[in-house]
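This report refers to the structure that appears directly beneath it.
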Amino acid sequence: MAGDRAAGSSEAMSKPPPLSSVCAHRRAQALQKQPRTVPQRPAPAEFTLTRHDVRRRFIPRSAPGVTESQAAGSPARAKVGRVSDLLAVWLPWNDPDGFLGGVPDGFRVETYDGHGQLPGSIEYVRFYVPQYFGGSNVNEVIRDMTALEVVQTQTAGYEHVLPYLRDGVTLCNARGVHDASTAELAVALILASYREIPQAVRDADREVWPPLTGVQDSLADKTVLIVGYGSIGEALERRLSGFECDVLRVARRARPGVAPIDDLPALLPRADVVVVLVPATDQTRGLVDAEFLGRMKDGALLVNVSRGVVVDTGALVAELGTGRLRAGLDVTDPEPLPAGHPLWSAPNVLITPHRGGATTAFAPRVAALVRAQLERFASGEPLVNVVAGPAR
Ligand SMILES: NC(=O)c1ccc[n+]([C@@H]2O[C@H](COP(=O)([O-])OP(=O)(O)OC[C@H]3O[C@@H](n4cnc5c(N)ncnc54)[C@H](OP(=O)(O)O)[C@@H]3O)[C@@H](O)[C@H]2O)c1
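Here's what the structure looks like:
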């Protein structure tokens, strides 16, 4: 959502060496199968590797009958098989070595960032990392990846990828990658709302210094309820620990210090701030409805940094309209929020345009995750963050 979102890549830039490919017959078939609108890069008629390529990029377990010594038979280059024999990986970065700090041994990499021609190896790709800033086309191509084994998202949310998965494809999310950024934004929304920063900015734009007529809310001494106490929820609590507030925690299942979701109705009236951090699922869609909002205490602040659909927008607009609650929203339903939508003009609401994960903290963390996953995949170790499909 946002996979988390849509728009152009800010990632790096040089083209990787082309992943060579298929015989002319296979290529013709591949081209016939090409998606509707996106052209495919032509693939060479034969696949050849240098000795260096074989050592660094070839996956022995997936290339029966092709050995390094066979490949080394020719002094310069040796034919070693078709792309279908390789464990091909599509990554969204133009300089995958630079971005990842080195692609692990044993992979043949092509770049696809959602723009331009599709690489010629779409039928052979086994491991795919969709572009973070890509539109829906970065997920639609999954349907044409007939040899695909793993999709590794760069987002913690993954509901947007599920419709494109075939049986047998493993989906891994980026749990942990966005903890720092998203927890930070939750704190920022709380503090900005409590300390009335939006009004200060509006006043400053008009060069107005208003008289002091009352006190603002402080986070100190307040109670913050985290609904969806997972990876980001824990990161949020670590950040809140310096603010002299109390924290209540709710998750699906009870565990020490964390209440089960069934306890939510009893906990909501105790909270000054409710931060929503559940994933978008059939169970959580509309979780924050009129009843949920009605249980929040007068003057309480709702912060949503998870997914827009978790909140019933109509119910929130109605409740904000009474002036009883406040809201800080990084995500909305719909998204993007169109001009003229009543949420824009609702009182006491602060909206950021789904920026939770998009910070400087993102790239190094996602690079570490993807690199480690590729290493696991190559060595046969279990992948982490499997959220759908078979464990691998
Ligand atoms: N704003 C942004 O840009 C941004 C950035 C990153 C992530 N996100 C969103 O944040 C969400 C949370 O990320 P995360 O990494 O913290 O996920 P996570 O580690 O999987 O934690 C999710 C938490 O939600 C709880 N939960 C799941 N279903 C629930 C239900 N039906 N009722 C109550 N609690 C439920 C889980 O309970 P259990 O622990 O009992 O399973 C878990 O505690 C993501 O799914 C994504 O949509 C947004």
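Quick note: the sequence shown uses the working numbering, first residue 142, plus one each step. Backbone N, C-alpha and C define an ideal beta-carbon position, used for all residues, glycine too.
6 Å Cβ shell around residue 374 - same chain, five flanking residues per side excluded:
The residue labelled residue 374 in the question sits at position 233 within the sequence shown. Cβ neighbours of residue 374 beyond the five flanking positions: 367 and 418.
Which stretch, first to last residue, makes up the beta strand (DSSP E) that contains residue 311?
Translated into the one-based positions of the sequence shown, residue 311 becomes position 170. Segment 311-313, the beta strand (DSSP E) holding residue 311.
Please go through the segment 407-490 and give each complete beta strand (DSSP E) segment of 3 or more residues, from N-terminal end onward.
Qualifying beta strand (DSSP E) stretches, in chain order: 414-417, 442-445 and 467-470.
Checking the sheet assignment: what are the DSSP bridge partners for residue 293?
Numbered from its first residue, the sequence shown carries residue 293 at position 152. Per DSSP, 313.
Helix, strand or coil for residue 307 per DSSP?
In the sequence shown, counting from the first residue as 1, residue 307 sits at position 166. Coil.
Under 8 Å, do residue 320 and residue 372 count as touching if we go by C-beta distance?
On the sequence shown, position 179 is the one that residue 320 refers to. On the sequence shown, position 231 is the one that residue 372 refers to. Their beta carbons are under 8 Å apart, which means residue 320 touches residue 372 by this criterion.
Considering only residues of the same chain and omitting the five flanking positions on each side of residue 230, which have a CB-CB separation below 6 Å?
Start at 1 with the first residue of the sequence shown, and residue 230 comes out as number 89. Same-chain partners within the cutoff: 248, 250 and 268.
Whole-angstrom distance between residue 352 and residue 297, CA atom to CA atom:
In the sequence shown, residue 297 corresponds to position 156, counting from 1. In the sequence shown, residue 352 corresponds to position 211, counting from 1. So the two alpha carbons sit approximately 44 Å from each other.
With distances taken from CA atoms, which of 413, 446 and 454 is nearest residue 430?
Along the sequence shown, read from residue 1 onward, the residue named residue 430 stands at position 289. Among 413, 446 and 454, the Cα nearest to that of residue 430 belongs to 454.
From the DSSP output, read off the bridge partner residues of residue 405.
In the sequence shown, counting from the first residue as 1, residue 405 sits at position 264. Beta-bridge annotation (DSSP): residue 405 is not paired with any residue.
Hey, would you say residue 416 sits closer than 8 Å to residue 472, going by beta carbons?
Translated into the one-based positions of the sequence shown, residue 416 becomes position 275. Translated into the one-based positions of the sequence shown, residue 472 becomes position 331. Against a cut-off of 8 Å, the Cβ pair of residue 472 and residue 416 comes out as no contact.
Does the segment 480-497 come into contact with the segment 306-315, if we say contact requires no fewer than three beta-carbon pairs (one atom in each stretch) closer than 8 Å?
With contact defined as three or more Cβ pairs closer than 8 Å, the segment 480-497 and the segment 306-315 are not in contact.
Any idea what DSSP makes of residue 344, helix, strand or coil?
Mapped onto the sequence shown, residue 344 falls at position 203. Three-state result, residue 344: helix.
Apply the 10 Å Cβ neighbour rule to residue 522 and answer buried if 16 or more other Cβ atoms are within range, or exposed otherwise.
For the purposes of this step, residue 522 is taken as residue 381 along the sequence shown, with counting starting at 1. It counts as exposed.
Roughly how many angstroms separate the alpha carbons of residue 270 and residue 510, rounded to a whole number?
Here residue 270 refers to the residue found at position 129 of the sequence shown. Here residue 510 refers to the residue found at position 369 of the sequence shown. C-alpha separation (whole angstroms): 11 Å.
Whose C-alpha, out of 328, 311 and 452, is nearest the C-alpha of residue 386?
Looking up residue 386 in the sequence shown gives position 245. Looking at the Cα atoms, 328 is the closest of the given residues.
Buried or exposed: residue 518, going by 16 or more other Cβ atoms within 10 Å of its Cβ?
Against the sequence shown, residue 518 aligns to sequence position 377. Taking a 10 Å sphere around the C-beta of residue 518, we find 16 or more other C-beta atoms and assign the residue as buried.
If you draw a straight line from the C-alpha of residue 530 to the C-alpha of residue 338, how long is it?
As a first step, residue 530 must be located in the sequence shown, where it is residue number 389. As a first step, residue 338 must be located in the sequence shown, where it is residue number 197. Roughly 44 Å between the two C-alpha positions.
Inter-residue spacing [alpha-carbon to alpha-carbon] between residue 265 and residue 276
Against the sequence shown, residue 265 aligns to sequence position 124. Against the sequence shown, residue 276 aligns to sequence position 135. Taking the Cα positions, residue 265 is about 22 Å away from residue 276.
From the DSSP secondary-structure annotation, give me the bridge partner or partners of residue 268.
On the sequence shown, position 127 is the one that residue 268 refers to. Answer is 230 and 291, bridged to residue 268.
Bridge partners - residue 251, DSSP secondary structure assignment:
Within the sequence shown, numbered from 1, the residue matching residue 251 stands at position 110. Its beta-bridge partners are 231.
Cutting at 8 Å between CB atoms, please list the residues of its own chain near residue 357, excluding the five before and the five after it.
In the sequence shown, residue 357 corresponds to position 216, counting from 1. Contacts found: 335, 336 and 337.
Just checking residue 500 against ligand 1 - is the residue's beta carbon closer than 7 Å to any of the ligand's heavy atoms?
Walking along the sequence shown from the start, residue 500 turns up at place 359. Not under cutoff, so the answer is no.
Proximity of residue 444 and residue 330 at Cβ, strictly below 8 Å:
Along the sequence shown, one-based indexing puts residue 444 at 303. Along the sequence shown, one-based indexing puts residue 330 at 189. Yes; because the gap between Cβ atoms is below 8 Å, this pair is in contact.
Across which residues does DSSP place residue 527 in a beta bridge pair?
Residue mapping note: residue 527 aligns to position 386 of the sequence shown, counting from 1. In the DSSP output, where bridge partners are listed per residue, residue 527 has 313.
CB-CB length for residue 291 against residue 524, believed under 8 Å
Translated into the one-based positions of the sequence shown, residue 291 becomes position 150. Translated into the one-based positions of the sequence shown, residue 524 becomes position 383. Yes, residue 291 and residue 524 are in contact; Cβ-Cβ is about 7 Å, under 8 Å.
Would the beta-carbon of residue 460 fall within 8 Å of that of residue 442?
Taking the first residue of the sequence shown as 1, we reach residue 460 at position 319. Taking the first residue of the sequence shown as 1, we reach residue 442 at position 301. No, these two residues do not count as a Cβ contact at 8 Å.
Anyone know if the C-beta pair for residue 272 and residue 233 falls short of 8 Å?
One-based indexing of the sequence shown puts residue 272 at position 131. One-based indexing of the sequence shown puts residue 233 at position 92. Yes; because the gap between Cβ atoms is below 8 Å, this pair is in contact.
Is it the case that the Cβ atoms of residue 301 and residue 280 are separated by a distance below 8 Å?
On the sequence shown, residue 301 is found 160 positions in, with the first residue counted as 1. On the sequence shown, residue 280 is found 139 positions in, with the first residue counted as 1. Yes; because the gap between Cβ atoms is below 8 Å, this pair is in contact.
Residue from 401, 520, 397 and 326 with nearest C-alpha to residue 380
By one-based count along the sequence shown, residue 380 stands at place 239. With distances taken between Cα atoms, residue 380 lies closest to 326.
Out of 421, 350, 457 and 322, point me to the one whose CA is closest to residue 303's CA.
Walking along the sequence shown from the start, residue 303 turns up at place 162. That would be 421, whose Cα lies nearest to the Cα of residue 303.
Would the beta-carbon of residue 377 fall within 8 Å of that of residue 412?
Mapped onto the sequence shown, residue 377 falls at position 236. Mapped onto the sequence shown, residue 412 falls at position 271. In this structure, residue 377 sits away from residue 412, with a CB-CB distance that is not shorter than 8 Å.
Identify whether residue 396 lies in helix, strand or coil by the three-state DSSP scheme.
Your numbering for residue 396 matches position 255 in the sequence shown. In the structure shown, residue 396 sits in a strand (DSSP, three-state: E or B).
If you run the structure through DSSP and keep just helix, strand and coil, what is residue 302?
Locating residue 302 in the sequence shown gives position 161, counting from the first residue. Note: residue 302 maps to coil in three-state DSSP.
Distance, Cα to Cα, residue 261 vs residue 293?
On the sequence shown, residue 261 is found 120 positions in, with the first residue counted as 1. On the sequence shown, residue 293 is found 152 positions in, with the first residue counted as 1. Rounded to whole angstroms, the separation of the alpha carbons of residue 293 and residue 261 is 20 Å.
Which term fits residue 480, buried or exposed, when burial requires 16 or more other beta carbons within 10 angstroms of its beta carbon?
In the sequence shown, counting from the first residue as 1, residue 480 sits at position 339. Its Cβ having fewer than 16 others within 10 Å, residue 480 is exposed.
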